[in-house]
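Here is the structure we will look at.
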Amino acid sequence: MHGQLKSHQVDVIINSGAVRDEFAQKVKELNRRLKLNGMGYSEWDTLNDRQHEIFTDNLFLDGEGASSPENYVAGALESCGCPTTVEELHHHSPALMGEIEKQQEMLPDMTVRIGESIGILDQTIDLLLEQILNEEKVKIVPYQESEEFTPEMRGYVRNSIAKANNLKFIDDTKRKGPINKFASPLGQDNAELEGLKPFFKKYGFDIDETDISKSGQYYSYVLTATRDFTKEKDKYEFPRGTQVIYVPLVMKTKEGQKKSYIINKSLAPGDRGLAVDQGGKPMGKRQLMESTAAAVNRKYTEELKPVADQLISILESSNNSGNAIALDRELDFSDKDFKTISKDYGEILSGVWAMNEQKADFLPFSEVSYPAEGNYRLVDFFGISEDPKEPKVPVSVKSGGGSKVAVSNIIEAQKLIEDSLPPQNDEFLGVAATNKFTQRQQIIELNKILKEDPANPESEKGSSGIRAMAQVMGENFEDLTYEKVNQWCFDNSVEDMLGNKHPNAEELGLTKPALLQPVWDATGTTPRLDVYINNRLSTPASEKEWRSLVAMSPLGQAMAPNLNANVDIKEEFNRLARALTVIQNNIDVKKKVLRFSIHKFSEANFKFDWPGYVSGNKLGFIMEINK
-17 MHGQLKSHQV
-7 DVIINSGAVR
3 DEFAQKVKEL
13 NRRLKLNGMG
23 YSEWDTLNDR
33 QHEIFTDNLF
43 LDGEGASSPE
53 NYVAGALESC
63 GCPTTVEELH
73 HHSPALMGEI
83 EKQQEMLPDM
93 TVRIGESIGI
103 LDQTIDLLLE
113 QILNEEKVKI
123 VPYQESEEFT
133 PEMRGYVRNS
143 IAKANNLKFI
153 DDTKRKGPIN
163 KFASPLGQDN
173 AELEGLKPFF
183 KKYGFDIDET
193 DISKSGQYYS
203 YVLTATRDFT
213 KEKDKYEFPR
223 GTQVIYVPLV
233 MKTKEGQKKS
243 YIINKSLAPG
253 DRGLAVDQGG
263 KPMGKRQLME
273 STAAAVNRKY
283 TEELKPVADQ
293 LISILESSNN
303 SGNAIALDRE
313 LDFSDKDFKT
323 ISKDYGEILS
333 GVWAMNEQKA
343 DFLPFSEVSY
353 PAEGNYRLVD
363 FFGISEDPKE
373 PKVPVSVKSG
383 GGSKVAVSNI
393 IEAQKLIEDS
403 LPPQNDEFLG
413 VAATNKFTQR
423 QQIIELNKIL
433 KEDPANPESE
443 KGSSGIRAMA
453 QVMGENFEDL
463 TYEKVNQWCF
473 DNSVEDMLGN
483 KHPNAEELGL
493 TKPALLQPVW
503 DATGTTPRLD
513 VYINNRLSTP
523 ASEKEWRSLV
533 AMSPLGQAMA
543 PNLNANVDIK
553 EEFNRLARAL
563 TVIQNNIDVK
573 KKVLRFSIHK
583 FSEANFKFDW
593 PGYVSGNKLG
603 FIMEINK
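For what it's worth, the working numbering labels the leading residue of the sequence shown as -17, then goes sequentially.
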């Protein structure tokens, strides 16, 4: 979506005060969300993709964009540019989109009329000079996307080239638009254009540099069909000139920086990584170590054999007891690689370590089993124990130093119900089931099943807040939906909804009570009305998105206190959460030490928590570890 923006225009966007302030505010909110779950922004690079997705919801397009202002800007510029993505960016990143569009407006008209300022003339000359110089350096092929033919070409490249040559493929279409992301046919360390040209030529494609980048980590090229492809001959049909973006899985290296060799998730135990166990069956220590070593040697061959040797050395070091294990050899990886090794490979290392005698009285595990990738948000493996009371212990692995690890999502507890512990409370199951709804509809559905008096087991369902909302609207609370509440907010003026609580009530002559006052009284909370007026309703787009906030936010704020006051639900919740064990690992490169620590949360206290309406997140929970 970046059009023909030049490098200095991108720099202008990155250094914009408004963009940097917007990024800083987002990081502040992100840090708040993380702290609610026992973590912090300083550990951002150690979290996995799924955690990134959860915590950046309604803040950033992806986790990479949260790491720096440069990546924040790059994420928007490198996005697919499709209407839904652009709308999402306008919604949560208005300052960034404003600066991008401002720079884009300078591009089409390159003429300068007499009387225009010298500044405009200088800028125009700079743009022209940069364009000329770039054209002299390298052939940049403009990317032309076709709704009709691009998918066909993507399919051909994926199946007839990538899969046919056993090149690891990553489906990144939804996040980055029409793209083929798969391993380089030249090897894990080589994405040189001149080497790629003869490979793709034999399939009927030309490959060139492009000014469109689809990844901040990897190189990007554009593939162009040099002949017509037909269903009869090629199984896919697209004409000569059709294009797709190709991203070889070879990391970029900045000048003076150590080259990175470890791709995200490539060392995880699941299918996308080492795939040491694809069936979820228990494995003993010897089997896990042998399977891992064999997978590492298959992945890193020939010139990358030193990478394999170092990874296997770390694996062997984990086969020891104690919290601090000296590494057998000097390790030569980039800082980025070390983070990825700790995060992904750490799941395997922790499994090996937990099958040795440790200080914890519930170790060692006799075996471990890794669930199929993507089944769990929090549990990385199950420790098979000889204790008849806990034959299968769910374990979460955390990389990095310092902070405790918290249960991060209520659906995980539901998974533990299904797979580890029998359900004992139907009310809790009902709470967990609301996770299937959107954040806004979840607020409505939860308030429907919450008790009017949570401390009274005999109390009827329907929170006092939603009962008040239904009465204000003239509806039955059982029939309420977010769409109905939102429509009611548009059917009534902001002045009527806020009444004499409006921040400008005296100036506007507002003396009547707010229509929403009964809802606020029932929930015991009132949103910041000045912020609502000044920030959330400042534009037609923001008003469309946030008009319902003054009705919905109080209902959301009341959820956690209500649940925490319900003894039966909270006890069931704690019973499930306490089944979790966390192993924390960290590779201390400077001291050449592999560190492990373990927490069994059987005595921890958990409570429901909600990060707020504006965050866009659903109901979650936090914990305190008793020391």
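All C-beta atoms in this analysis are idealised placements derived from N, C-alpha and C, irrespective of residue type, glycine included.
Using DSSP bridges, identify the partner residues of residue i.
i           : result
residue 602 : 591
residue 229 : 163
residue 265 : 350
residue 150 : According to DSSP, residue 150 bridges with nothing at all.
residue 205 : 189, 226
residue 220 : 211
residue 433 : 443
residue 418 : Paired residues: none, contrary to the question.
residue 582 : 563
Going by DSSP in three states, residue i sits in which element: helix, strand or coil?
i           : result
residue 660 : Given a span of -17 to 609 for the chain in the structure shown, any question on residue 660 remains unanswerable.
residue 472 : helix
residue 187 : strand
residue 379 : strand
residue 505 : helix
residue 364 : strand
residue 110 : Confidence at residue 110 is low in this model, with a pLDDT of 44, below 50, so its placement is unreliable and the value that follows should be read with caution. Note: residue 110 maps to helix in three-state DSSP.
residue 43  : coil
residue 563 : strand
residue 321 : helix
residue 494 : coil
residue 371 : coil
residue 247 : coil
residue 258 : coil
residue 60  : coil
residue 611 : No answer is possible for residue 611: the residues shown for the chain start at -17 and end at 609.
residue 17  : helix
residue 274 : helix
residue 281 : helix
With a Cβ-Cβ cutoff of 7 angstroms, do residue i and residue j count as a contact?
i           : j           : result
residue 163 : residue 229 : yes
residue 582 : residue 546 : no
residue 295 : residue 310 : yes
residue 542 : residue 498 : no
residue 595 : residue 506 : no
residue 544 : residue 439 : no
residue 232 : residue 166 : yes
residue 223 : residue 349 : no
residue 462 : residue 431 : no
residue 365 : residue 379 : no
residue 251 : residue 352 : yes
residue 131 : residue 220 : yes
residue 578 : residue 335 : yes
residue 381 : residue 466 : no
residue 481 : residue 495 : yes
Could you pull out every residue in the same chain whose Cβ sits closer than 7 angstroms to the Cβ of residue i, ignoring the five residues on either side in sequence?
i           : result
residue 527 : 73
residue 616 : Residue 616 is absent from the structure shown; the chain starts at -17 and stops at 609.
residue 149 : 164, 165, 167
residue 37  : 12, 15, 16
residue 85  : -13, -9, -6, -5
residue -1  : none
residue 515 : 485
Within a Cβ cutoff of 6 angstroms, which residues of the same chain sit near residue i, ignoring the five residues on either side of it in sequence?
i           : result
residue 101 : Because the pLDDT at residue 101 is just 41, under 50, the model does not fix this residue reliably, and the point stays unresolved.
residue -3  : none
residue 342 : 580
residue 289 : 243, 282
Which residues in the same chain as residue i place their Cβ atom closer than 8 angstroms to its Cβ, once the five residues preceding and following it in sequence are excluded?
i           : result
residue 424 : 416, 417, 600, 601
residue 147 : 167
residue 434 : 441, 442, 443, 444, 445, 446, 449
residue 299 : 307, 308, 309, 310, 576
TODO: For the segment 450 to 466 and the segment 507 to 520, state whether three or more C-beta atom pairs, one from each stretch, are separated by less than 8 angstroms.
DONE: no
Open item on the list: With a threshold of 8 angstroms, are at least 3 pairs of Cβ atoms found where one atom belongs to the segment 266 to 286 and the other to the segment 175 to 194?
Closed with: no
TODO: Examine the Cβ distances between the segment -3 to 11 and the segment 42 to 59 and report whether three or more of them are shorter than 8 angstroms.
DONE: Yes, since at least three Cβ pairs between the segment -3 to 11 and the segment 42 to 59 fall closer than 8 angstroms, the two stretches touch.
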